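> Take this structure, written in structure tokens, and hold onto it; I'll ask about it next.
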Amino acid sequence: MSPTTAPIAQYLADYRPYPFLLDLTELRFDLAPRGTRVQSALHLRPRDPAAAEDLVLDGGAGLRLIGLALDGTAIPAPRREGERLVIAAADLPARPFVLSCEVEIDPDANTAFEGLYLSGGMFCTQCEAEGFRHITFYPDRPDVMAPFRVTIRSDLPVLLSNGNPVRREAGLAEWHDPWPKPAYLFALVAGDLVVISDRYTTASGRAVDLNVWVRPGDQDRAGYAMESLVRAMRWDEEVYGREYDLDVFNIVAVDDFNMGAMENKGLNIFNSKLVLASPETATDADYERIEAVIAHEYFHNWTGNRITCRDWFQLCLKEGLTVFRDQQFTSDLRSAPVKRIEDVRALRARQFREDQGPLAHPVRPDRYEEINNFYTATVYEKGAEVIGMLRRLVGDAAYARALDLYFDRHDGEAATIEDWLRVFEDTTGRDLAQFKRWYTDAGTPHLEMTEIWEAGSDGGRLTLDFRQHTPPTPGQDDKPPRVIPIAVGLIGPNGDEVAGTRTLEMTEARQSFTFEGLGARPVVSALRGFSAPVILSRQIDDATRAFLLAHDTDPFARWEAGRDLAISALLAAAQGRAAAGDHVEAIGRLAADEAADPAFRALCLTLPGEEEIAARLAAGGAVPDPDAIHAAREDLARQVAEAHAALLSDLYDAMAVPGAYSPDAGPAGRRALRIAALGLLTRIDGGDRAEVLFGTAGNMTERMAALSCLIRRGRGQAALAALRDRFADNRLVMDKWFSVQVTAAPPDRAAAIARDLAERPDFDWKNPNRFRALLGGLAANHAGFHAADGAGYDFTADWLMRMDAANPQIAARMSTAFETWPRYDAARRGLAQAALRRMAAMEGISRNLREMVSRMIA
Ligand code: ARG
Ligand code: ZN
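Here's what the structure looks like:
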């Protein structure tokens, strides 16, 4: 992070094993906010005693070296290479030895929240990816694994680390983690915390103490996290045959956290917003996310911890698989179709966007400057899609066998994508060389489908002709064809399915598939379940889309047909053409369909977002106009509301959920439909219903929805004041309060509103959640961020520069607000580039932000 170091890229091709093996890591912490002492004893031995190799330890800027010794003999002046410590081969014995080291660090000064830091008086750690080197000198790489023995000295009442507790006395706690792990999975927590506890017995009878640790006063909001943990533990036993492997599982909630959560062995640390929930403070979406992330981190115990990554290029090995597993979990516990639609929406909004811009990179990158910049939608969400395709191609049973083999073969190892694919090859006999391109090649394939119908006396014949093409991405011009699983079904003219879902396996740049013996020309339902992360285009009119919306048996394809109808209307309007009324009509029929799940109907009623419309226009070669898109979407929403006012009003009343709040999928789905109706009705009732709902709602889901509607109608002031008065002390609710004012602001005022909010004393910008609430809120207001005068760009750049000096990870991550700049008009492009250049020229810019900005400018 130092300003003088030139960019140094890391390359996958340069991998070589660490020349030493680590048999045990002993750590001792004497905690103090300004001067924590860390003593370490690393029990090392040469991998090859005949090869004389230097011992290189990673270090960070904040380490003050107090002493270093080899088998008890001091090494007075060890060599420093940048932030690394090097002990020459000549000074090392060709047998096992113990390297002891003492350093002092300053957790209180750590505003980057990487390594050991303080959050509201509590000590905690974040070591993935390369945070441990800010705690002490160490081989900080995922393929160096060791059991840990940790002693913590502090007068704070709660002292936690990984593994099992082995000793506790006044001012001291000792923990032992028997499972060899890399340093990125190390964790330590010390503070004045309260706990809610439960106990779980694994399938083989191991009793596990479960604890969720929170700040005093928060314990009433930790119950849902605990319930979610128990559900996740059971599910992983039932579905993957994976049991927990320690006597205790601790979860800690912390207010200052760069990401969502972290799977440290036996001691998961969470952003408090992914633990704390009550009906009064959290929305249905928050509950669903808490359940999913608790499960995600728990699932990492096997996919991440027991089997970890050889190097950080393999990040998707644990993240793609663990996201895939948490998606399966949510599908099983809630509604599988609704979950699939939500996941595809998120994939398109975040990953397709990434793939289509200057930050595109493969699921397994082969080069990086700062690994924290690669915790992306591509590695996580596309990484999960790739596993979904693999499962579809080999079938559920073979997938299960391959996973068993994976756990068997690689338990205790640091593995690669090659290892992962090999278990599938060995299980099924398939050659996955072409499939591997999904890992190595960036970019979203475009898939074009053409239908050829030939009527005949012995039945008609339908040929589907597909062409695939992947546009170039940075550093990758030519993209050979990929394996694309295309799930297809055929629907007869009367609406009955004539051919159930079948997966076509496309491997060529152009390939046809034929269906014979058809009575009449069917309607093709293509890419069912979103069987591959591609952009499908086909010749289809709105009447056929409306037919699919009415009759498709595949819920995803059905929703997609409705969404395509909406997009077609919106694209016409955003480009000044008249739209046919098919969407308005078809959507009304679906909203009225009482046989359909309310959550599904809510998804169908929700219009595509402005960012999605802009992306579609850009993909088709047009230049999106943010203001025209905003106006077109508002207009379509009003048309839908006017056409179906009575129906929407009935739905709004009928979907009210009586009785006590439950975050379960059933009632949450009813609320989702109710809110979708409210959003449309607000366009024609001036916000009257929203005002009543805001005053009477007994849960945060409806209260926030009502508030957002009121702000959109320009009458949010009283409600905002009421929310602030009631929840001024609740950081998570106040984050929502900051965010909604900007996301729902009129585009031409959004940046100014954000600027005013940033002046408030409670805009505690060093808190990542608060910063994200405001800056992320503006980025989510498409026409506001891209305001023609550049105010959105300037405000964002100003704050990213300020944040970069305190917390480079957050600044770099939020800079992705700019990643779509090349798609807009020349004036906006000029303004966005100027903002990017201003950041690039900043003195002392971090490696994190510098890499992001230079990729975006290039
Ligand atoms: N492994 C964590 C998860 O997926 C994410 C931690 C990422 N941290 C970071 N600083 N990049 O749950
Ligand atoms: Zn993860």
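For the sequence shown, the working numbering gives the first residue as 6, with consecutive numbering after it.
Using N, Cα and C, we set each Cβ at its ideal position, and we do this for glycine too.
Quantities reported herein were computed from a predicted structural model and do not represent experimental measurements.
So F768 and L779 are supposed to be a Cβ contact under 8 Å. How far apart are they, rounded?
At roughly 7 Å, the Cβ-Cβ gap stays under 8 Å, so F768 and L779 are in contact.
> In terms of residues, what are the limits of the alpha helix (DSSP H) holding I376?
Looking at the DSSP string, I376 is not in any alpha helix (DSSP H), and its letter there is neither H nor E.
> Answer yes or no: do M806 and I815 have a C-beta to C-beta separation smaller than 8 Å?
No, they are not a contact pair.
> Would you say the beta carbon of A134 is closer than 7 Å to some non-hydrogen atom of the ligand ARG?
Result yes, Cβ under 7 Å from the ligand ARG.
> Sort R138, D401 and A57 by Cα distance to E88 and report the nearest one.
Checking every option, the nearest Cα to that of E88 belongs to R138.
> Flag this pair as yes or no: are the beta carbons of G64 and N167 separated by less than 8 Å?
No; because the gap between Cβ atoms is not below 8 Å, this pair is not in contact.
> Could you pull the start and end residues of the alpha helix (DSSP H) that W564 belongs to?
Here the alpha helix (DSSP H) through W564 covers P560 to A579.
> Taking P54 as the reference, which of G67, P101, Y20 and F142 has the closest Cα?
Here the closest residue by C-alpha is P101.
> Cβ-heavy atom distance between M264 and the ligand ARG below 7 Å?
Yes, Cβ of M264 sits closer than 7 Å to a heavy atom of the ligand ARG.
> For the ligand ZN, list every residue whose C-beta falls under 6 Å from any of its heavy atoms, going in chain order.
Residues flagged by the Cβ proximity filter: H301, H305, E324 and T327.
> Would you mind giving the Cβ-Cβ distance between N812 and F118, rounded to the nearest angstrom? I have them listed as a contact below 8 Å.
That pair is a contact at about 6 Å.
> Rounded to whole angstroms, what's the CA-CA distance from L398 to Q439? Just pull it up for me.
If I take the Cα positions, the gap works out to 13 Å.
> Would the C-beta of V705 count as close to the ligand ARG, meaning under 7 Å from any of its heavy atoms?
According to the sequence displayed, residue 705 carries Met and not Val. Incorrect: M705 has no Cβ contact closer than 7 Å to the ligand ARG.
> Could you tell me which of R236, G222, A195 and D197 sits nearest to L215, measuring between CA atoms?
It is R236 whose Cα lies nearest to the Cα of L215.
> Taking the straight line between their C-alpha atoms, what separation do you get for A208 and D669?
Rounded to whole angstroms, A208 to D669 spans 26 Å at the Cα level.
> To which residues of the same chain is Y411 closer than 6 Å at the C-beta, ignoring the five residues directly before and after it?
So the qualifying residues of the chain are V428.
> Among residues of its own chain, excluding the 5 on either side of A212, which ones have a beta-carbon nearer than 8 Å to its beta-carbon?
R204, Y205, T206 and D252, listed in sequence order.
> Judging by CA-CA distance, which residue of A551, A548 and L641 is the nearest neighbour of A577?
The shortest Cα separation from A577 among A551, A548 and L641 belongs to L641.
> Once the 5 residues before and after L762 are set aside, which same chain residues still bring their CB inside 8 Å of it?
Result list for L762: F743, Q746, V747, F768 and L779, in chain order.
> Relative to the ligand ARG, is the shortest distance from any of its heavy atoms to the C-beta of Q131 smaller than 7 Å?
Under cutoff, so the answer is yes.
> Output yes or no for whether 8 Å exceeds the beta carbon distance between W443 and R487.
Closer than 8 Å, so yes.
> Taking H588 as part of the alpha helix (DSSP H), name the residues at either end of that continuous run.
Residues D587 to A596.
> Sorted by chain position, which residues of the same chain lie with C-beta nearer than 8 Å to R158's C-beta, five sequence neighbours on each side aside?
Closer than 8 Å at the Cβ level, and outside the excluded window around R158, lie R33, F34, D35, L36, G176 and L177.
> Give the secondary structure of I346 by DSSP, where H, G and I count as helix, E and B as strand, and everything else as coil.
If DSSP states are grouped into helix, strand and coil, I346 belongs with the helices.
> For the beta strand (DSSP E) that contains G120, what are its first and last residues?
Counting along the chain, the beta strand (DSSP E) containing G120 begins and ends at G120 to S124.
> Could you tell me the distance, in whole angstroms, from the CA atom of G465 to the CA atom of E459?
Whole-angstrom Cα-Cα distance: 6 Å.
> D371 and L17: beta carbons closer than 8 Å?
Against a cut-off of 8 Å, the Cβ pair of L17 and D371 comes out as a contact.
> On the criterion of 16 or more Cβ atoms from any shown chain inside 10 Å, does A345 qualify as buried, or is it exposed?
Reading off the sequence, residue 345 comes out as Arg, not Ala. Under this definition R345 is a buried residue.
> On the CB-based measure, 16 or more other CB atoms within 10 Å of its CB, does H474 come out buried or exposed?
Result: exposed.
> With a threshold of 16 other CB atoms inside 10 Å of the CB of S124, please say whether the residue is buried or exposed.
Per the 10 Å Cβ criterion, buried.
> Taking all protein chains shown into account, do 16 or more other C-beta atoms lie within 10 angstroms of the C-beta of D587, making it buried, or fewer, making it exposed?
So D587 counts as buried.
> Hey, would you say the C-beta of N167 is under 7 Å away from at least one heavy atom of the ligand ARG?
The answer is no for N167.
> Please report how far the alpha carbon of V503 lies from the alpha carbon of V528, in whole angstroms.
Near 10 Å, if we compare the C-alpha coordinates of V528 and V503.
> Which term fits R173, buried or exposed, when burial requires 16 or more other beta carbons within 10 angstroms of its beta carbon?
With fewer than 16 Cβ atoms within 10 Å of its Cβ, R173 is classed as exposed.
> Do A192 and W218 have their C-beta atoms closer together than 8 Å?
No, the Cβ-Cβ distance between A192 and W218 is not below 8 Å.
> Report yes if the C-beta distance between D331 and F304 is below 8 Å; otherwise report no.
Cβ atoms of D331 and F304: closer than 8 Å.
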